[in-house]
Every structure is written in C-alpha cells, then in structure tokens.
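Per my numbering, the sequence shown starts with residue 34, numbered consecutively.
Notes follow the structure.
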Amino acid sequence: MNWTPEQIQDQSGKTFLITGANTGLGYETALELAKKSAHVILAGRSEPKLVEARARIAELVPAAQLDIAVVDLNSIAAVKTFTEGFVQSGKPLDVLINNAGIMFPPPGHSADGFEAQFGVNFIGHYVLTALLFPVLKKSKHGRVVTLSSMAHRNGKIDFGNFKLEKPFEKFREYGQSKVADLIFSFELQRRIGASGGDVISTACHPGVSKTELLRTDKPEMIETVAYMDANQGSFSTLFAATEAIEKFAYIGPDGEGEVNGYPAPAFIAPYAKDAEIGTQLWAYAEKETGVTFEF
Ligand SMILES: NC(=O)c1ccc[n+]([C@@H]2O[C@H](COP(=O)([O-])OP(=O)(O)OC[C@H]3O[C@@H](n4cnc5c(N)ncnc54)[C@H](OP(=O)(O)O)[C@@H]3O)[C@@H](O)[C@H]2O)c1
C-alpha cells in the first residue's frame with residue numbers, strides 16, 4: 034500500500050525541530066506534522082520568513098503547536114548561539130530533521146571558510162546535531178533525520194576540497210555535501226550503536242520535487258525537472274521521522290529512478306556506507322569545528 038502522511042500516528046507530546054522549515058520540503062513536513070498534533074519548531078535563517086510560514090500553517094491547522102527558531106547554518110557561531118539557548122531552556126526535543134539545504138549557489142564560502150554547500154548542508158547540521166544531542170538523548174523517541182539526495186551517488190569526499198581549494202564545480206560540490214550528509218547519518222548511527230544509546234539516526238531523499246532549491250541557479254528549471262510537488266516530496270522525510278524503521282535506513286520515493294513515488298528503502302551508493310570514510314569525515318568535522326558529540 035502506498036504510504037501517505039494520513040497514516041502518521043497521532044504525534045501529541047512529541048517535539049520536532051525542522052531546519053529550513055519556512056519553504057519547500059521543510060514547510061510541508063512541518064505542516065503534515067502539525068496536522069498530527071506534533072509540537073513543531075520551524076527553524077530557518079530568516080525570522081520574517083519563519084513568522085510567515087508559521088502563520089500559514091496556523092491558518093490551515095488552527096490547533097497547531099508551533100514555535101520558530103532562527104538558526105543560520107552557514108555559521109558555526111550562529112548555530113552555537115541557538116543551541117546554547119535551547120539547551121538552557123530545558124525544553125524537550127524528540128526528532129531533529131536536518132532538512133535545510135542550498136544547491137548551486139555562486140561559488141563562495143560559509144562564515145567559517147567552507148565551500149558554501151558543504152558549510153550549510155553538512156557542517157552546519159553536524160554542529161547542530163552534536164549540540165542538540167544531549168537533549169535528544171533524554172527523549173524516549175530520540176531520532177535524527179538527515180536529508181541527502183540522489184546526487185549523493187556521484188558525490189565523493191575530497192579532503193583537499195572542502196574550502197573551494199579547487200575551481201568550483203557546482204555538481205561536484207553539491208554532490209560532496211550530500212554524500213557527506215548520508216555518510217554523517219550512517220556514522221552517527223554507528224557511534225550511537227557503539228555507545229549503547231537508543232537515539233536513531235536515519236536518512237532520506239525526496240526524489241525530484243518542486244521547491245525553491247534552484248533559486249540561485251536556474252529557478253525556472255524546477256518546473257521542467259521536478260516530478261513531484263513539495264508536499265509529496267516531503268513523504269520520505271515524514272516516513273523516516275515517524276515510522277518504525279530499520280537501523281541505517283535510507284528512505285526515498287519508490288518510483289522508477291526514485292524521482293517520485295511513495296516512501297521505500299532507497300538505493301545507497303556503496304561509497305556512502307564505507308565506515309572508513311565515515312571515520313575520517315567525522316574526525317575532520319570534529320577537528321575543524323571543535324565540536325564533539327557526547328554519546
Ligand atoms: N527539491 C528536491 O528535488 C531535492 C532533491 C534532493 C534533495 N533535496 C534536499 O532537500 C532539502 C530541502 O530542500 P528544498 O528542496 O525544500 O529547497 P528550498 O525550497 O530551497 O528550501 C531550503 C530551505 O533551507 C533553508 N536554508 C538555506 N540556507 C540556510 C541556512 N544557511 N541556514 C538555515 N536554513 C537555510 C532555506 O531558507 P531560506 O528560504 O531563508 O533561504 C529554506 O527554508 C535540502 O537539503 C536539499 O538538498 C531536495
């Protein structure tokens with residue numbers, strides 16, 4: 034049977050934090066979770082956009098429990114400012130959805146000197162997850178969902194090119210950031226397992242969905258390349274965030290080529306499962322960010 038968000042159990046009492054929740058897949062994920070009575074924290078880099086997204090959801094779901102959080106993943110300092118406040122507040126968090134992302138921006142660096150896509154899509158989420166992990170550990174349902182992409186299949190980790198050391202190639206750089214996300218998700222699950230913890234780390238991809246992702250490249254392209262609207266694109270995330278899933282699961286649409294369809298186990302490039310690369314990437318992130326996980 035094709036899985037849809039209608040099948041999500043009541044999520045009362047659970048808190049989800051979704052990065053990049055003001056538009057695209059993150060917004061649709063937030064909307065569907067709000068419909069199921071979850072407490073949803075919409076995170077993003079723009080407060081006005083978050084306020085507007087919260088109002089749109091509140092109009093559609095008047096009983097929605099919504100908060101907003103300004104977190105700019107382009108900056109380690111900004112992520113730390115948010116997480117310090119959140120941890121100090123003592124508020125619970127059950128599910129962190131690492132959804133925010135950029136694709137094909139002009140060549141440039143994050144605030145900390147990483148190639149922008151690597152900085153936002155991977156480094157920002159690495160730091161966010163590490164610093165929220167103490168809160169996730171306290172939850173009975175602790176889970177981290179990280180969005181990757183079919184682009185991970187062509188992605189390779191190049192330790193000599195995280196900071197634009199090589200001439201910018203948009204496909205290569207985006208692919209690197211998205212395979213890093215998938216490698217991170219698996220390595221996190223390995224480390225949680227080794228520590229005896231019960232937080233789940235899982236990953237998903239949305240096929241090819243109509244969102245604002247190509248806004249800085251060729252925004253009009255999305256009309257021709259997208260196979261699903263943003264709402265259906267969010268199904269993989271919603272499944273990974275709410276259903277009982279196997280460890281090391283990677284969920285994507287089940288249609289031909291995984292471009293569209295309904296949530297199912299997706300193809301994982303063997304490279305992404307390589308534990309040795311996982312160890313090396315983890316060590317790099319620890320060293321470069323100065324942030325470590327406490328399992
Ligand atoms: N759409 C697809 O077909 C597709 C395919 C494969 C994977 N994905 C992945 O799906 C995820 C969601 O993308 P989308 O398609 O929904 O794109 P989108 O419509 O462009 O949404 C991206 C979200 O990320 C936020 N964001 C960007 N930079 C940020 C930063 N520095 N700090 C915090 N938030 C930031 C954006 O906020 P602003 O609006 O303020 O910029 C926006 O809310 C991404 O990880 C993407 O790689 C998408």
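Ideal placement from N, C-alpha and C gives every residue a C-beta, glycine not left out.
Item checked: Other residues of its chain near residue 84: CB distance less than 8 angstroms, five sequence neighbours each side excluded -> Answer for residue 84: 101, listed in chain order.
Check: Which of helix, strand or coil does DSSP assign to residue 201?
Finding: Judged by DSSP in its simplified three-state form, residue 201 adopts coil rather than helix or strand.
Margin query: Ignoring anything shorter than 3 residues, give me the beta strand (DSSP E) runs that lie fully in the stretch 51-82, in order along the chain.
Written below: The DSSP assignment places complete beta strand (DSSP E) segments of no fewer than 3 residues inside the stretch 51-82 at 72-77, in order along the chain.
Notebook entry, point to check: Given residue 273, which residues of its chain have a CB within under 8 angstroms of its CB, disregarding the five upstream and five downstream residues?
Noted result: In its chain, beyond the 5 residues on either side, 178, 235, 236, 237, 282, 284, 296 have a beta carbon closer than 8 angstroms to the beta carbon of residue 273.
Item checked: Run of the beta strand (DSSP E) containing residue 234, from where it starts to where it stops -> According to the DSSP assignment, residue 234 belongs to the beta strand (DSSP E) that extends over 233-237.
Next item on the list: Taking residue 165 as part of the alpha helix (DSSP H), name the residues at either end of that continuous run.
Entry: Looking at the DSSP string, the run of the alpha helix (DSSP H) that includes residue 165 is 158-171.
Item checked: Cβ separation of residue 139 and residue 249, assumed to be a contact under 8 angstroms, to the nearest whole Å -> Right, the Cβ-Cβ distance comes to about 7 angstroms (below 8 angstroms), so this counts as a contact.
Notebook entry, point to check: Near residue 207, which residues of its chain fall below 7 angstroms by C-beta distance, leaving aside the five closest residues on each side in sequence?
Noted result: If the five residues before and after residue 207 are omitted, its C-beta is found closer than 7 angstroms to the C-beta atoms of 136, 137, 150, 184, all from its own chain and listed in chain order.
Next item on the list: Please determine, among 286, 280, 277, the residue with the shortest C-alpha to C-alpha distance to residue 269.
Entry: For residue 269, the nearest C-alpha among the options comes from 286.
Item checked: Proximity to residue 231 [Cα-Cα], best of 279, 148, 239 -> Proximity to residue 231 across 279, 148, 239 peaks at 279, based on C-alpha coordinates.
Checklist line | Closer than 7 angstroms: residue 78 CB and nearest ligand 1 heavy atom | finding: Checking every heavy atom of ligand 1 against the Cβ of residue 78, one is found closer than 7 angstroms.
Next item on the list: Answer with buried or exposed for residue 35, where buried requires no fewer than 16 other C-beta atoms within 10 angstroms of its C-beta.
Entry: With fewer than 16 other Cβ atoms inside 10 Å of its own Cβ, residue 35 counts as exposed.
Item checked: Strand pairing of residue 176, partner residues [DSSP] -> Residue 176 is bridged to 128, 233.
Next item on the list: Report whether the distance from the Cβ of residue 72 to the nearest heavy atom of ligand 1 is below 7 angstroms.
Entry: False, no ligand heavy atom lies under 7 angstroms from that Cβ.
Note to self: Tell me which residues share the same chain as residue 128 and place their Cβ nearer than 6 angstroms to its Cβ, disregarding the 5 neighbours each side in the sequence.
What the structure shows: Counting only Cβ-Cβ distances below 6 angstroms, and skipping sequence neighbours, we find 49, 176, 274.
Checklist line | C-alpha distance - residue 58 paired with residue 154, whole-angstrom precision | finding: C-alpha separation (whole angstroms): 15 angstroms.
Item checked: Residue of 203, 258, 223, 251 minimising C-alpha distance to residue 307 -> Looking at the Cα atoms, 223 is the closest of the given residues.
Notebook entry, point to check: Contact between the stretch 207-219 and the stretch 86-96: three or more CB pairs below 8 angstroms?
Noted result: The answer is no - the stretch 86-96 does not touch the stretch 207-219, with fewer than three Cβ pairs under 8 angstroms.
Next item on the list: Could I get the ranges of all uninterrupted beta strand (DSSP E) runs contained in the stretch 257-309, with 3 residues as the minimum, in chain order?
Entry: If we require 3 residues or more, the beta strand (DSSP E) runs fully inside the stretch 257-309 come out as 283-286, 296-298.
Margin query: Using DSSP's beta-bridge definition, name the partner residues of residue 98.
Written below: Per DSSP, the beta bridge partners of residue 98 are 72.
Next item on the list: State buried or exposed for residue 43, treating a residue as buried only when at least 16 other CB atoms are found within 10 Å of its CB.
Entry: Per the 10 Å Cβ criterion, exposed.
Check: How about residue 104: is its Cβ closer than 7 angstroms to a heavy atom in ligand 1?
Finding: Using a cutoff of 7 angstroms, the CB of residue 104 counts as near ligand 1, since one of the ligand's heavy atoms is closer than that.
Margin query: For residue 332 and residue 77, I'd like the C-alpha separation in whole angstroms.
Written below: The requested residue 332 does not occur in the structure, where the chain is confined to residues 34 to 328.
Notebook entry, point to check: Are residue 66 and residue 220 touching if we call contact CB-CB under 8 angstroms?
Noted result: Going by C-beta atoms, residue 66 is not nearer than 8 angstroms to residue 220.
Next item on the list: Confirm the yes/no value for this check: CB of residue 58, any heavy atom of ligand 1, distance under 7 angstroms.
Entry: Result yes, Cβ under 7 angstroms from ligand 1.
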